Amino acid sequence: MELKPERELDPKSVCMEHTRVETIKALMLWISECDNGVLWCSGLAGTGKSSLVGTLHKLLCLDMSSRSRLAAFIRYDRTSYRDSSGLVTSIAYSLAKFDHRIANAIAHALTASPAAAKLPAADQFRLLVQGPLKKIQELQDEGPLIVIIDGLDESLNLSEELLEVLAEGFGRELSFMRLIISSRPEEKIARVFKNSRHLHRYPLDTSSEEVKHDIRHFIQQKLVKITDKHFWGDHSEQQVFAQLAERASGLFIWAATVCLFLCNHPSNERLEMILKTTIPANATVALTSLYQTALDAIVSEGSGEDEDVRQCIHAVLGALIVRKGNMTVPMLPKLVLQKGEGAFLAQSIVDKLGSVVREDEDGNLELIHKSFDDFLRDHGRSRDRWFIDVKKHEQELASRCVLSLTSFFEDWTSTRVQLEPVLSDINVKETIQDRYRRVVPSHIRDYAVNVLDWHLDTFVELGINTCGPLFNRYFLFWLEIMLVFDSLLPWDKVIPVVNVSCSRFIS
């Protein structure tokens with residue numbers, strides 16, 4: 026039985042040095058002194074939950090002793106990994122990797138109950154986690170083992186049964202085990218967790234003196250790197266640090282975003298735009314004001330007509346919200362931007378969005394934080410100017426995928442003829458995939474080819490007029506590219522769609 030999860034995400038971030046000192050100390054004290062415990066670290070989006078557990082991850086792996094005490098770390102992310110149905114098996118898999126004795130015990134459990142991973146969450150936890158741990162008596166004397174689950178609120182399929190399993194923890198017989206969960210205080214989670222006798226609630230206080238001091242320290246450490254003296258205008262540096270910290274409303278993501286906004290393109294105009302905003306009444310208002318100000322500033326600084334720039338930025342942000350796979354800058358001209366808006370404009374837009382859009386080392390684009398995603402989806406906050414209608418943007422992306430595939434396959438026969446000698450040459454030291462990669466552009470092989478898997482319902486809604494040519498003329502070409510690049514389709518869902526589409530086209 027395969028327990029390995031579909032994806033394993035590393036910690037998202039860590040706290041800046043010399044910040045959150047008291048909070049981290051309190052969490053480490055709980056780990057060392059509690060008995061059979063579950064700790065729920067809750068807080069609004071942007072309060073630094075992921076950075077805190079990222080710092081715990083580092084401390085538990087490196088600093089507690091000669092051996093790591095972190096037995097499992099599981100992080101959910103609304104764009105990268107959301108499926109919670111495999112949470113218990115992911116914990117079991119991580120425990121097995123952590124200690125060979127636990128691995129052997131879990132292997133024996135799977136031999137005895139081959140279908141254990143398919144059972145309800147409570148039975149999975151008992152058979153694959155609690156049972157194997159109880160069999161290794163010496164673990165009781167070796168110190169605490171910690172399991173961390175970060176971003177539980179960002180997962181899908183979060184059942185009440187699974188939440189009840191987590192709230193109860195590992196049980197009295199496994200007093201050396203610790204479970205730390207971080208999430209926003211969503212009603213579904215809070216309703217279950219508030220009734221647990223074993224769960225220690227640790228809400229993050231955005232109004233504490235520690236948080237206010239740390240946010241100001243964070244802002245200062247980032248902005249002192251700006252060397253242009255004109256940036257500060259008539260303000261002293263200390264005045265700026267204090268005024269920005271006051272507008273943060275206890276949110277580290279506000280501080281991080283405003284620092285990126287100011288440091289990426291240092292100008293007194295940008296600074297004044299932020300300082301002229303009123304001091305927000307609460308955290309939500311703080312983020313709404315910041316995101317509106319940042320986006321409007323980016324538009325006003327554009328080289329073209331403001332509305333044209335806004336529409337391009339809006340299209341890119343919409344695509345990043347509805348995408349199901351990785352989206353990179355080279356894909357934007359073909360899948361997102363309008364005809365004639367090429368690679369230079371795509372890179373320019375991403376550069377301008379540097380304070381709210383992150384580009385990782387592999388070139389994949391993502392929104393800087395889930396609070397920005399929340400802002401864009403909420404019409405009451407983002408208004409007509411920036412609101413992302415998810416259904417509309419997914420329809421647009423799926424349609425562009427279909428059109429890109431159709432256009433590409435129109436010339437595929439002649440391209441395929443040129444590729445034949447390379448495919449048949451046994452002396453070419455490349456994989457088949459590498460050879461195809463020469464002639465299949467990234468927006469086709471890495472995104473559009475997966476439209477049936479990633480946007481199936483939207484694909485069906487597009488109708489036969491849009492999708493007909495793909496099935497009538499190019500379906501085998503499409504299947505060829507999918508097979509070459511290991512694209513997996515949910516055939517149980519796709520085949521009925523293909524049958525219906527083909528029958529409609531024929532009739």
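The sequence shown: position 34 = 59 (my numbering), numbered continuously.
Glycine included, each C-beta is placed from N, C-alpha and C at the ideal position.
Source: prediction; values computed, not measured.
- Label residue 239 either buried or exposed according to how many other C-beta atoms from any shown protein chain fall within 10 Å of its C-beta, with 16 as the threshold for buried. The sequence position of residue 239 within the sequence shown is 214, counting from 1. Around the C-beta of residue 239, 16 or more other C-beta atoms lie within 10 Å, and the residue is accordingly described as buried.
Restricting to runs no shorter than 4 residues, where is the alpha helix (DSSP H) found entirely within the stretch 140 to 195? If we require 4 residues or more, the alpha helix (DSSP H) runs fully inside the stretch 140 to 195 come out as 146 to 150, 156 to 159 and 185 to 193.
Checking 9 angstroms against the spacing of the C-beta atoms, do residue 180 and residue 108 come in under that value? The residue labelled residue 180 in the question sits at position 155 within the sequence shown. The residue labelled residue 108 in the question sits at position 83 within the sequence shown. Yes, the pair counts as a contact, with Cβ atoms nearer than the cut-off.
Please state whether DSSP places residue 331 in a helix, a strand or coil. One-based indexing of the sequence shown puts residue 331 at position 306. In the displayed model, residue 331 falls within a helix according to three-state DSSP.
* Member of 44, 312, 213 and 415 whose CA lies at the smallest distance from the CA of residue 233 -> Against the sequence shown, residue 233 aligns to sequence position 208. Nearest C-alpha to residue 233 among 44, 312, 213 and 415: 44.
Entirely within the stretch 390 to 439 and at least 3 residues each: give me those beta strand (DSSP E) ranges in chain order. Counting only runs of 3 or more, we get 390 to 392.
- Message: Please state the DSSP three-state secondary structure of residue 499.
- Response: Counted from its first residue, the sequence shown places residue 499 at position 474. In the structure shown, residue 499 sits in coil (DSSP, three-state: anything other than H, G, I, E or B).
- Below 8 angstroms on the Cβ atoms is my guess for residue 154 versus residue 112; work out the distance and round it to an integer in Å. For the purposes of this step, residue 154 is taken as the residue at position 129 of the sequence shown. For the purposes of this step, residue 112 is taken as the residue at position 87 of the sequence shown. Distance from residue 154 to residue 112 at the Cβ level is roughly 11 angstroms; contact not present, criterion being Cβ atoms closer than 8 angstroms.
Query raised in the report: So residue 203 is in the beta strand (DSSP E); what residue range does that whole segment cover?
Result: The residue given as residue 203 occupies position 178 in the sequence shown. Residues 202 to 208.
Around the C-beta of residue 534, are 16 or more other C-beta atoms found within 10 angstroms, so that it is buried, or is it exposed?
Residue 534 falls outside the range modelled here, since the chain spans only 26 to 532, and no answer is possible.
Span separating the alpha-carbon of residue 382 from that of residue 395 = Counting from one through the sequence shown, the residue named residue 382 turns up at place 357. Counting from one through the sequence shown, the residue named residue 395 turns up at place 370. So the two alpha carbons sit approximately 11 angstroms from each other.
### Task
Return the first residue and the last residue of the alpha helix (DSSP H) that residue 283 is part of.
Counted from its first residue, the sequence shown places residue 283 at position 258. Boundaries of the alpha helix (DSSP H) harbouring residue 283: 277 to 289, taken from the DSSP string.
Exercise for the section: State the start and end residues of the unbroken alpha helix (DSSP H) segment that holds residue 47. Expected result: By 1-based counting over the sequence shown, the position of residue 47 is 22. For residue 47, the enclosing alpha helix (DSSP H) covers residues 46 to 58.
task: Please name the residue or residues paired with residue 224 in a DSSP beta bridge.
output: To locate residue 224, count along the sequence shown from 1; it is residue 199. Partner residues in the beta bridge of residue 224, as assigned by DSSP, are 63.
Looking at the unbroken alpha helix (DSSP H) that takes in residue 513, where does it start and where does it end?
As a working mapping, residue 513 is identified with position 488 in the sequence shown. Here residue 513 belongs to no alpha helix (DSSP H), and DSSP marks it neither H nor E.
Exercise. What does residue 100 pair with, by DSSP beta-bridge criteria?
Worked result: To locate residue 100, count along the sequence shown from 1; it is residue 75. DSSP lists 175 as the beta-bridge partner residues of residue 100.
Practice problem: Kindly indicate the opening and closing residues of the alpha helix (DSSP H) around residue 382. | Solution: In the sequence shown, counting from the first residue as 1, residue 382 sits at position 357. Looking at the DSSP string, residue 382 is not in any alpha helix (DSSP H); the run it does join, the beta strand (DSSP E), is 382 to 384.
**Prompt:** Would the stretch 282 to 290 and the stretch 366 to 380 be scored as touching if the rule is three or more Cβ pairs under 8 angstroms?
**Reply:** Enough Cβ pairs lie closer than 8 angstroms, so yes.
| said: If I measure Cβ to Cβ from residue 98 and keep anything under 6 angstroms in the same chain, skipping five residues before and after, which residues do I get? | reply: By 1-based counting over the sequence shown, the position of residue 98 is 73. Apart from the 5 residues on each side of it in sequence, residue 98 sits with its Cβ closer than 6 angstroms to the Cβ of 82 and 173 in its chain, given in chain order.
With residue 64 and residue 225 assumed to form a contact (beta carbons below 8 angstroms), what rounded beta-carbon distance in angstroms separates them?
By one-based count along the sequence shown, residue 64 stands at place 39. By one-based count along the sequence shown, residue 225 stands at place 200. Confirmed, Cβ separation roughly 5 angstroms.
message: For the alpha helix (DSSP H) containing residue 251, name the first residue and the last one.
response: Within the sequence shown, residue 251 is the residue found at index 226, counting from 1. Careful: residue 251 lies outside any alpha helix (DSSP H) and carries neither H nor E.
Tell me whether residue 333, by its Cβ, gets closer than 8 angstroms to a heavy atom of the ligand GTP. Of ligands this structure carries none, so the ligand GTP is not represented either.
Please identify the residue among 495, 157, 432 and 138 whose C-alpha is closest to the C-alpha of residue 131. As a first step, residue 131 must be located in the sequence shown, where it is residue number 106. It is 157 whose Cα lies nearest to the Cα of residue 131.
**Item:** CB-CB length for residue 80 against residue 229, believed under 8 angstroms
**Value:** Working through the sequence shown from its first residue, we reach residue 80 at position 55. Working through the sequence shown from its first residue, we reach residue 229 at position 204. Wrong, their Cβ atoms sit about 13 angstroms apart, outside the cutoff.
(message) Taking contact to mean 3 or more Cβ pairs, one atom from each stretch, closer than 8 angstroms, check whether the stretch 463 to 476 and the stretch 347 to 359 are in contact.
(response) Yes: at least three Cβ pairs fall under 8 angstroms.
Report the three-state DSSP secondary structure of residue 461 (helix, strand or coil). For the purposes of this step, residue 461 is taken as residue 436 along the sequence shown, with counting starting at 1. Residue 461: helix per DSSP, three-state reduction.
Nonlocal neighbours in the same chain, by C-beta distance under 7 angstroms from residue 34, ignoring five residues either side: The residue labelled residue 34 in the question sits at position 9 within the sequence shown. These residues qualify, in order along the chain: 100, 102, 105 and 106.
**Item:** Three CB pairs or more closer than 8 angstroms across the stretch 325 to 341 and the stretch 437 to 445
**Value:** At 8 angstroms Cβ cutoff, the stretches do not touch.
(message) Quick check on the burial criterion: 16 or more other C-beta atoms within 10 angstroms. Buried or exposed for residue 436?
(response) As a position in the sequence shown, residue 436 is number 411, starting the count at 1. Label assigned to residue 436: exposed.
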